[in-house]
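Notes follow the structure.
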Amino acid sequence: MGVELLVTFPAVLLLVVIAPPSARGCAGIATNEVHVDCQEDTKQLAANKVMQPTPAMTEFYKEHEVTETDSRLALQQLDLNEISKVPAWCDGCGIDKIHFCRSAAFINDHCCCEHRHAKEKLPWIPHTCYLGNERCQPNTSSCSKYREIRECCCDRILIAEYLAKFSTGSPTCSRLHMAGWTISLLLTVISTISQLS
Numbered sequence: 000m001g002v003e004l005l006v007t008f009p010a011v012l013l014l015v016v017i018a019p020p021s022a023r024g025c026a027g028i029a030t031n032e033v034h035v036d037c038q039e040d041t042k043q044l045a046a047n048k049v050m051q052p053t054p055a056m057t058e059f060y061k062e063h064e065v066t067e068t069d070s071r072l073a074l075q076q077l078d079l080n081e082i083s084k085v086p087a088w089c090d091g092c093g094i095d096k097i098h099f100c101r102s103a104a105f106i107n108d109h110c111c112c113e114h115r116h117a118k119e120k121l122p123w124i125p126h127t128c129y130l131g132n133e134r135c136q137p138n139t140s141s142c143s144k145y146r147e148i149r150e151c152c153c154d155r156i157l158i159a160e161y162l163a164k165f166s167t168g169s170p171t172c173s174r175l176h177m178a179g180w181t182i183s184l185l186l187t188v189i190s191t192i193s194q195l196s
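Sequential numbering from 0 applies to the sequence shown in numbering that gives the first Met the number 0.
Laid out in structure tokens, this is it:
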């Protein structure tokens, strides 16, 4: 069996499994090593009793970061009327999508699918993205599926939540908070009703 190594970063939880070559499956091996055919590899290991080296741990680098100060400024500059518009192609926000929006898997998919060379898509959420050398896999089936869920559901829900989180104590921000929650609730109800029709 392999050794499991838990690596944690702020807002990102990564589980790195380090398995000996004999425990690895042939399909989907993605390393920088040159691979021989799966059967040939198994025969070679059995004949020569050679163990291929495995890395002790995966190295990660900081890909991008949004500080709390940056996220507060981004929230202040948002046009709530623009955010309340739901794209016509959206399916609706079911409980599974809402749960995904509030989970660490959402931030992990953001880090995997949306890099710093593009415009920051979550400027209102303080987060730090770390990437390793290997290609990451989103928790959703693809990056396009992640973007669909983000645009149709998560943006409105999370903007409302972060408005509430950052607005404690200020009457103006409290009104914005209530407006954000009301917009989020109404859009969720409308999308659910339209999905049922």
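Heads up, the beta-carbon is just placed ideally off N, CA and C, and yes, glycines get one too.
According to DSSP, residues forming a beta bridge with residue i
{"i": "glutamine 145", "result": "It should be pointed out that residue 145 corresponds to tyrosine in this sequence rather than to glutamine. DSSP output for tyrosine 145 lists no bridge partner at all."}
{"i": "histidine 109", "result": "Answer by DSSP bridge pairing: none, since histidine 109 is not bridged."}
{"i": "lysine 61", "result": "Tyr129"}
Beta-carbon separation (whole angstroms), residue i vs residue j, contact threshold 8 Å
{"i": "isoleucine 124", "j": "leucine 157", "result": "6 Å"}
{"i": "isoleucine 97", "j": "arginine 155", "result": "Contact doesn't hold; Cβ gap of about 10 Å is too wide."}
Residue burial classification, residue i (beta-carbon count within 10 angstroms, cutoff 16)
{"i": "alanine 159", "result": "buried"}
{"i": "arginine 115", "result": "exposed"}
{"i": "histidine 126", "result": "buried"}
{"i": "arginine 101", "result": "exposed"}
Residues of its chain near residue i, where Cβ-Cβ distance is below 7 Å and the 5 sequence neighbours each way are ignored
{"i": "arginine 71", "result": "Phe165"}
{"i": "asparagine 138", "result": "Ala104, Asn107 and Asp108"}
{"i": "phenylalanine 99", "result": "Phe105 and Ile148"}
{"i": "threonine 66", "result": "Pro125"}
{"i": "lysine 84", "result": "none"}
Residue j beta carbon less than 7 Å from that of residue i
{"i": "lysine 61", "j": "tyrosine 129", "result": "yes"}
{"i": "cysteine 111", "j": "cysteine 135", "result": "yes"}
{"i": "cysteine 92", "j": "cysteine 152", "result": "yes"}
{"i": "tyrosine 145", "j": "aspartate 108", "result": "yes"}
{"i": "alanine 163", "j": "proline 122", "result": "no"}
Residues near residue i in its chain [Cβ-Cβ closer than 6 Å; skip 5 each side]
{"i": "glycine 131", "result": "Thr57 and Phe59"}
{"i": "lysine 213", "result": "An answer regarding residue 213 cannot be provided, because it is not within the stretch 0 to 196 covered by the chain."}
Residue i at chain B interface by Cβ criterion, 7 Å
{"i": "glutamate 160", "result": "No chain B is present in this structure, which holds just one protein chain."}
Proximal residues to residue i (C-beta, below 8 Å), its chain only, five neighbours per side dropped
{"i": "alanine 87", "result": "none"}
{"i": "serine 140", "result": "none"}
{"i": "leucine 77", "result": "Trp123 and Ile158"}
Residue i: CB within 6 Å of a non-hydrogen atom of the ligand GDP
{"i": "lysine 164", "result": "Within the structure as shown, the ligand GDP is missing, as the structure has no ligands at all."}
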